[in-house]
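**Student:** Please read through the structure below; I'll follow up with questions.
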Amino acid sequence: MQTLGRAMRMEAGEAAPPAGAGGWGKWVRLNVGGTVFLTTRQTLCREQKSFLSRLCQGEELQSDRDETGAYLIDRDPTYFGPILNFLRHGKLVLDKDMAEEGVLEEAEFYNIGPLIRIIKDRMEEKDYTVTQVPPKHVYRVLQCQEEELTQMVSTMSDGWRFEQLVNIGSSYNYGSEDQAEFLCVVSKELYSSPHGLSSESSRKTKSAEEQLEQQQEQEVQVEADTQEKGAANPRGE
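Numbering (UniProt numbering), first residue to last: 1 to 237.
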């Protein structure tokens with residue numbers, strides 16, 4: 001209880017306890033980007049190879065101090081809280097609005113190896129989860145004649161895949177031959193990212209749709225030309 005009361009008084013602005021023999025004290029003040037943090041020397045020395053541990057070794061790493069004797073560190077205090085708490089209890093606890101990338105940047109600066117690995121593992125797990133989002137299927141139905149069917153299926157690209165062929169039962173007279181008419185069903189998988197479809201996917205999707213629309217227009221034009229020829233020469237002469 002005595003130690004807790006002393007810590008509370010120090011956080012309220014009371015001067016730090018006097019240093020022990022040889023200038024070493026239990027409590028350490030850190031002035032990080034203008035915000036003062038108070039912790040123990042034992043906490044800072046938990047990771048022996050870290051910048052903060054070396055800072056506590058006295059002569060090994062020289063650092064300027066402010067008027068209160070706090071070590072001056074020119075870093076963002078926003079991300080220092082999670083760094084210090086990790087050294088205290090060994091767990092990474094972040095507010096929902098705090099970016100992991102920012103904490104990772106600070107962890108790398110302070111050279112805290114275990115924390116760096118934890119953050120990178122979290123980020124990789126999130127990336128993996130995003131890639132596991134089920135794809136969306138887009139379907140299109142194309143109308144074509146029998147003689148155009150093979151060419152249409154063989155020229156499909158940009159991820160479009162043949163799904164089903166339906167004979168709709170009607171036919172047109174092309175000179176002396178009858179051509180059956182079909183409906184061709186094709187599909188494409190679209191993968192989503194956290195911000196919707198990526199620009200690359202959107203671009204490819206748009207390109208594929210434009211190609212299919214152009215193909216349909218050509219089919220309609222061929223059909224119109226054929227009907228005109230049939231009307232001009234009803235006996236197929």
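The beta carbon of each residue, even a glycine, is placed where N, CA and C say it ideally should be.
Between N167, N85, T78, G113, which has its C-alpha nearest L97's C-alpha?
**Tutor:** Against the sequence shown, residue 97 aligns to sequence position 97. First, the residue type needs correcting, since residue 97 is Asp and not Leu in the sequence shown. Closest option to D97, Cα to Cα, is T78.
**Student:** I'd like the ranges of any beta strand (DSSP E) spanning at least 3 consecutive residues and lying wholly in the UniProt domain "BTB" (26-127).
**Tutor:** 27-32, 35-40, 71-73
**Student:** Decide if the region 81-93 is in contact with the region 105-116; the criterion is three or more beta carbon pairs, one per stretch, under 8 Å apart.
**Tutor:** yes
**Student:** Does DSSP put E148 in a helix, a strand or coil?
**Tutor:** Locating residue 148 in the sequence shown gives position 148, counting from the first residue. In the structure shown, E148 adopts helical secondary structure according to DSSP, grouped into three states.
**Student:** Just checking, does the region 154-170 make contact with the region 179-193 on the three C-beta pairs under 8 Å criterion?
**Tutor:** yes
**Student:** Have a look at A105 and V138 and give me their C-alpha separation to the nearest angstrom.
**Tutor:** Counting from one through the sequence shown, the residue named residue 105 turns up at place 105. Counting from one through the sequence shown, the residue named residue 138 turns up at place 138. The sequence as given places Glu at residue 105; Ala does not occur at that position. Approximately 41 Å, taken between the alpha carbons.
**Student:** List the whole-angstrom C-beta distance separating L87 from E47, where the pair is believed to meet the contact cut-off of C-beta under 8 Å.
**Tutor:** If you number the sequence shown from 1, residue 87 lands on position 87. If you number the sequence shown from 1, residue 47 lands on position 47. Their Cβ separation, rounded to whole angstroms, is 7 Å, which keeps L87 and E47 in contact under 8 Å.
**Student:** Give me whichever residues DSSP pairs with S154 in a beta bridge.
**Tutor:** Mapped onto the sequence shown, residue 154 falls at position 154. According to DSSP, S154 bridges with nothing at all.
**Student:** Mind checking who E189 pairs with in its DSSP beta bridge?
**Tutor:** As a working mapping, residue 189 is identified with position 189 in the sequence shown. Bridge partners of E189: H137.
**Student:** Which residues in the same chain as V32 place their Cβ atom closer than 6 Å to its Cβ, once the five residues preceding and following it in sequence are excluded?
**Tutor:** The count along the sequence shown starts at 1 and reaches residue 32 at position 32. Once the five neighbours on either side are set aside, the close Cβ partners of V32 are I73, R75, P77, F80.
**Student:** Could you tell me the alpha carbon to alpha carbon distance between M156 and N167, rounded to whole angstroms?
**Tutor:** Stepping through the sequence shown from its first residue, residue 156 is reached at position 156. Stepping through the sequence shown from its first residue, residue 167 is reached at position 167. So the alpha carbons of these two residues sit roughly 20 Å apart.
**Student:** Throw me the rounded Cβ distance for the Q145 and Q179 pair, which I believe falls under 8 Å.
**Tutor:** On the sequence shown, residue 145 is found 145 positions in, with the first residue counted as 1. On the sequence shown, residue 179 is found 179 positions in, with the first residue counted as 1. Their Cβ separation, rounded to whole angstroms, is 5 Å, which keeps Q145 and Q179 in contact under 8 Å.
**Student:** Any idea what DSSP makes of G169, helix, strand or coil?
**Tutor:** As a working mapping, residue 169 is identified with position 169 in the sequence shown. Under the three-state reduction of DSSP output, G169 falls in the strand class.
**Student:** Compute the Euclidean distance between the alpha carbons of V28 and A99, then round it to the nearest angstrom.
**Tutor:** The sequence position of residue 28 within the sequence shown is 28, counting from 1. The sequence position of residue 99 within the sequence shown is 99, counting from 1. Distance from the CA atom of V28 to the CA atom of A99, rounded to whole angstroms, is 27 Å.
**Student:** In angstroms with no decimal places, state the Cα-to-Cα distance between C56 and P135.
**Tutor:** Your numbering for residue 56 matches position 56 in the sequence shown. Your numbering for residue 135 matches position 135 in the sequence shown. Distance between the alpha carbons of C56 and P135: 53 Å.
**Student:** Under 9 Å between the Cβ atoms of V36 and A70?
**Tutor:** Along the sequence shown, one-based indexing puts residue 36 at 36. Along the sequence shown, one-based indexing puts residue 70 at 70. Against a cut-off of 9 Å, the Cβ pair of A70 and V36 comes out as a contact.
**Student:** Quick one, which of G34, L44, T43 has its alpha-carbon nearest E67's?
**Tutor:** If you number the sequence shown from 1, residue 67 lands on position 67. Of the listed residues, the one whose Cα sits closest to E67 is G34.
**Student:** Which residue from D64, F109, R122, R65 puts its Cα closest to that of K91?
**Tutor:** The residue given as residue 91 occupies position 91 in the sequence shown. K91 has its Cα closest to that of R122, out of D64, F109, R122, R65.
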